[in-house]
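Enquirer: One structure coming up, written as structure tokens, with questions to follow.
In full-length UniProt numbering, the protein residues as written are 1 to 310.
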């Protein structure tokens with residue numbers, strides 16, 4: 001039993017690494033499926049570049065949008081800012097909010113970078129795209145010291161319809177693939193170096209020690225886990241209370257509920273300061289000596305513009 005708890009604790013502590021590894025596996029699998037099932041290079045000068053670039057960058061853009069769409073940190077920062085722009089920079093801390101936004105965008109780029117790296121290392125999409133360029137520099141690079149037939153047949157090289165000799169075709173394909181893989185490894189190296197430099201800079205400028213920062217991260221994770229569990233339990237009780245009141249035709253029982261101002265305060269993003277050494281906005285709110293303990297008389301929403309929740 002102790003060994004099982006040790007293994008479980010290890011996996012819980014490595015959630016981020018496991019998540020990124022799983023994302024990498026899905027990216028590799030998705031790229032292979034695209035290459036084998038749906039990708040068919042048209043092999044002509046007019047369509048090669050657009051077609052290859054669409055398969056190379058299209059999924060990356062979709063992954064970026066999905067990463068932003070499913071980012072709870074983004075929606076926590078963005079929700080309600082049209083009605084109250086100050087929510088983007090609570091307490092005048094615009095620099096802190098900019099850092100949070102930069103962190104969200106940086107995290108959203110992980111999946112697209114994985115896709116680009118895998119797609120370029122494979123080389124299929126790049127071969128199609130680069131062979132369709134009519135730029136003289138590109139053509140001169142691949143067809144240097146070759147006949148005019150190379151220029152005419154360059155767009156057909158990724159397919160079996162090229163009239164070039166097998167040796168010339170394989171030579172061009174190897175050049176395409178080499179360039180694609182160089183670009184793929186360049187993206188990986190740049191991403192890794194920027195990630196390392198960003199982490200070093202962030203830790204170097206940290207206002208707390210390493211052990212306290214570790215505790216802070218653990219607290220935030222546990223607070224989120226317990227908040228999700230507690231809200232599910234409390235929402236279930238509220239739903240049961242309302243259903244009971246409806247079907248039994250009686251007044252609902254009194255149920256304490258946080259007021260609107262309290263929800264607003266704990267929804268802000270919190271950045272550490274020496275004057276307020278808390279671990280989250282929820283921690284700061286419950287530690288306030290002057291906070292309003294008066295709950296809502298009725299746990300209802302006051303929606304001015306008739307927004308419908310579905």
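Note that beta-carbon positions come from the ideal geometry of N, C-alpha and C, so glycine has one too. Note that the coordinates shown come from a computational prediction; the quantities given were computed from them, not determined experimentally.
Which of the three DSSP states is assigned to residue 268 in this structure?
Expert: coil
Enquirer: Please state whether the Cβ-Cβ distance between residue 157 and residue 131 is less than 7 Å.
Expert: yes
Enquirer: Hey, is the segment 206-220 in contact with the segment 284-292, meaning 3+ C-beta pairs nearer than 8 Å?
Expert: no
Enquirer: Which parts of the segment 68-125 are runs of the beta strand (DSSP E), unbroken and 3 residues or longer, counting only runs that do not cross its ends?
Expert: none
Enquirer: Could you give the distance in angstroms between the alpha-carbon of residue 225 and the alpha-carbon of residue 73?
Expert: 15 Å
Enquirer: Residue 70: buried (16+ other C-beta within 10 angstroms of its C-beta) or exposed?
Expert: Around the Cβ of residue 70, a 10 Å sphere holds fewer than 16 other Cβ atoms; the residue is exposed.
Enquirer: Determine the burial state of residue 80: buried for a count of at least 16 other Cβ atoms within 10 Å of its Cβ, exposed for fewer.
Expert: exposed
Enquirer: Enumerate in chain order the residues of its own chain whose CB-to-CB distance from residue 291 is below 8 Å, with the five nearest sequence positions on each side excluded.
Expert: Excluding residues within five positions, the ones whose Cβ falls inside 8 Å are 262, 285.
Enquirer: Report all residues from its chain with a CB closer than 6 Å to the CB of residue 306; omit the five preceding and five following residues, and keep chain order.
Expert: With a pLDDT of only 48 at residue 306, under the threshold of 50, the placement of this residue in the model should not be trusted; the figure read from the coordinates follows. Excluding positions up to five away in sequence, the list is empty.
Enquirer: Run the proximity test for residue 202: is its beta-carbon closer than 6 Å to any non-hydrogen atom belonging to the ligand GTP?
Expert: Only the bare structure without any ligand can be found here, which leaves the ligand GTP out of the picture.
Enquirer: Would you decide whether residue 12 is buried or exposed? Buried here means 16 or more other CB atoms lie within 10 Å of its CB.
Expert: With a pLDDT of 49 at residue 12, under the threshold of 50, the predicted position of this residue should be treated as unreliable, though the coordinate-derived value follows. With fewer than 16 Cβ atoms within 10 Å of its Cβ, residue 12 is classed as exposed.
Enquirer: Cβ of residue 155 within 7 Å of Cβ of residue 45?
Expert: In this structure, the beta-carbon distance from residue 155 to residue 45 falls below 7 Å.
Enquirer: For residue 144, tell me which candidate among 210, 168, 177, 25 has the shortest Cα-Cα distance.
Expert: 168
Enquirer: Can at least three beta-carbon pairs, one atom from the segment 95-107 and one from the segment 46-63, be found at a separation below 8 Å?
Expert: no
Enquirer: Contact defined as beta carbons within less than 8 Å: I believe residue 181 pairs with residue 121. What is the distance between those atoms, to the nearest angstrom?
Expert: That belief holds up - the Cβ atoms of residue 181 and residue 121 are roughly 5 Å apart, short of 8 Å.
Enquirer: With a threshold of 16 other CB atoms inside 10 Å of the CB of residue 153, please say whether the residue is buried or exposed.
Expert: Per the 10 Å Cβ criterion, buried.
Enquirer: Distance check for residue 133 and residue 49, CA to CA, integer angstroms please.
Expert: 6 Å
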